[in-house]
Amino acid sequence: MKKRLLPALFFLLLSAVFILIGIGLDDFGEIMSNGAILCLSCIGIG
Amino acid sequence: MVKRFWVQLLGTVLPNSYIKGLLTGAQIYQGPVKGVCAPVLNCYSCPLAYTSCPIGALQHFMAIKSPPYLLLGTLVPVGVTVGRATCGWICPFGFLQDLLYKIKTPKLELPGWTGYLKYLFLVILVLVIPYLTMEPWFCKLCPQGMIEGGIPQVLLFPEIRHLVGWLYSVKGVILATFLILFILIKRPFCRMVCPLGAIFSFFNKISLLQITVDMERCTKCGICRAVCPVDISIYEDPSSLECIRCMECVRVCPNVHITTLLSPTIKHSPQEGER
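Just so you know, the sequences run in chain order A and B.
Going by the numbering used here, the first sequence opens with residue 1, and the numbers climb by one from there.
Going by the numbering used here, the second sequence opens with residue 1001, and the numbers climb by one from there.
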């Protein structure tokens, strides 16, 4: 199990970096604004 | 062991509990929680949905040609810790498939190669085509979008009914086809189509939550495959890309164990009544 720790830690660290970059680029706002518009493709009418 | 049914029910109800919207006549929730992608296939056009769909969001980032940093930063830790367990425990669409498969009919099996199709759907419909056309083409065909978004929106809001056309019919046919397949085949959408399952599957090999099989005691009796929602024999590959970590095999077989980083091996001896 210990051999899994290193790649897991690497990916978790990478995720933390991604989250920081994402927050810096306002990905949260981008996802929110995308999700807040009624997606016509999802409904099947656009 | 926690009854998976109740966790799945909670996983379906919690992200879809925007009852206030129904009372106030809002088409969808538009608050800050929509900035969060739940790690499950749950349509953000559902009138009840609080969270965004990670596959819908991923297509959006492809369409605007921007790397989905925050999305990756939220999906990767889930995959690294539990692999595909969200598919097995909290995905609403997986839950629907599990429920419909309980209907007693003659059952069919899927050929093994069909498991690779979901990677094609991920690359072509979620990444490449949205990047080239700036349109979320997986959403346009997604049967979960039809169940959670298409049908309720058209029923609740008459002002959009005149927009219904050929695409709506195509989605309807796709949904109807899958609903029939859900009754006949174990989780066909998860195994053949789901791009989110395809993403999480890569983490099954390295995730901290693992399944181990005591091969010295395993008799290959096949009970693990009989109870498995994705029809795999866990002894063949405990880190299988297809495994959704539902732990049904752990429940029924004393030779299959959960392994985590914190508790290296948790041995589970099933009660007589559970076998």
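For every residue, glycine included, the Cβ atom is placed at its ideal position computed from N, Cα and C.
Beta-carbon separation (whole angstroms), residue 1153 of chain B vs residue 43 of chain A, contact threshold 8 Å: 5 Å
Whole-angstrom distance between residue 1016 of chain B and residue 1000 of chain B, CA atom to CA atom: In the structure displayed, chain B extends from 1001 to 1275; residue 1000 of chain B sits before or after that span and is not available.
Among B/1247, B/1159, B/1021, nearest to residue 1226 of chain B - alpha-carbon criterion: Out of B/1247, B/1159, B/1021, B/1247 has the C-alpha closest to the C-alpha of residue 1226 of chain B.
Interface flag, residue 962 of chain B vs chain A, CB-CB below 9 Å: Nothing about residue 962 of chain B can be read from this structure; chain B reaches only from 1001 to 1275.
Cβ of residue 40 of chain A within 9 Å of any chain B Cβ: yes
Residue 1060 of chain B at chain A interface by Cβ criterion, 9 Å: For residue 1060 of chain B, the answer is yes, since a Cβ of chain A falls inside 9 Å of its Cβ.
Contact test: residue 1172 of chain B Cβ vs the ligand ATP heavy atom, cutoff 8 Å: Among the ligands in the structure shown, none appear at all, so the ligand ATP cannot be discussed.
C-beta atoms of residue 1092 of chain B and residue 1210 of chain B nearer than 9 Å: no
Residue from B/1169, B/1132, B/1195, B/1237 whose Cα sits closest to the Cα of residue 1215 of chain B: B/1237
Chain A contacts from the segment 1167-1197 of chain B (Cβ-Cβ distance under 7 Å): 1167, 1168, 1171
Interface residues of chain A facing residue 956 of chain B [CB-CB closer than 8 Å]: Nothing about residue 956 of chain B can be reported from this structure: the residues present for chain B run from 1001 to 1275 only.
Cβ-based neighbour list, residue 1078 of chain B, same chain, cut-off 7 Å, excluding 5 preceding and 5 following: 1039, 1086
Run of the alpha helix (DSSP H) containing residue 1086 of chain B, from where it starts to where it stops: 1085-1089
Residue 1185 of chain B versus residue 1228 of chain B - alpha carbon distance: Pairing residue 1185 of chain B with residue 1228 of chain B, the inter-Cα distance amounts to about 12 Å.
Same chain only: Cβ atoms within 8 Å of residue 1103 of chain B, ignoring 5 sequence neighbours per side: 1183
Beta-carbon proximity check, residue 1088 of chain B vs residue 1244 of chain B, cutoff 9 Å: In this structure, the beta-carbon distance from residue 1088 of chain B to residue 1244 of chain B falls below 9 Å.
Of the residues B/1217, B/1064, B/1212, B/1157, the one placed nearest residue 1234 of chain B, counting alpha carbons only: Cα-wise, what sits closest to residue 1234 of chain B is B/1212.
Any chain A beta carbon closer than 9 Å to residue 1008 of chain B: no
Neighbourhood of residue 1271 of chain B by C-beta distance below 7 Å, restricted to the same chain and skipping five residues each side: Reliability of the predicted coordinates at residue 1271 of chain B is poor, the pLDDT of 44 falling under 50, and the value obtained from them is presented with this limitation in mind. Cβ neighbours of residue 1271 of chain B within its own chain (closer than 7 Å, five residues either side excluded): none.
For residue 1213 of chain B: DSSP bridge partner residues: By DSSP's assignment, residue 1213 of chain B forms a beta bridge with B/1256.
Spatial distance of residue 1013 of chain B from residue 1019 of chain B (CA atoms): Their backbone Cα atoms lie some 11 Å apart in a straight line.
Inter-residue CB distance, residue 32 of chain A and residue 1073 of chain B (contact presumed, cutoff 8 Å): Incorrect: roughly 15 Å between the Cβ atoms, too far for contact.
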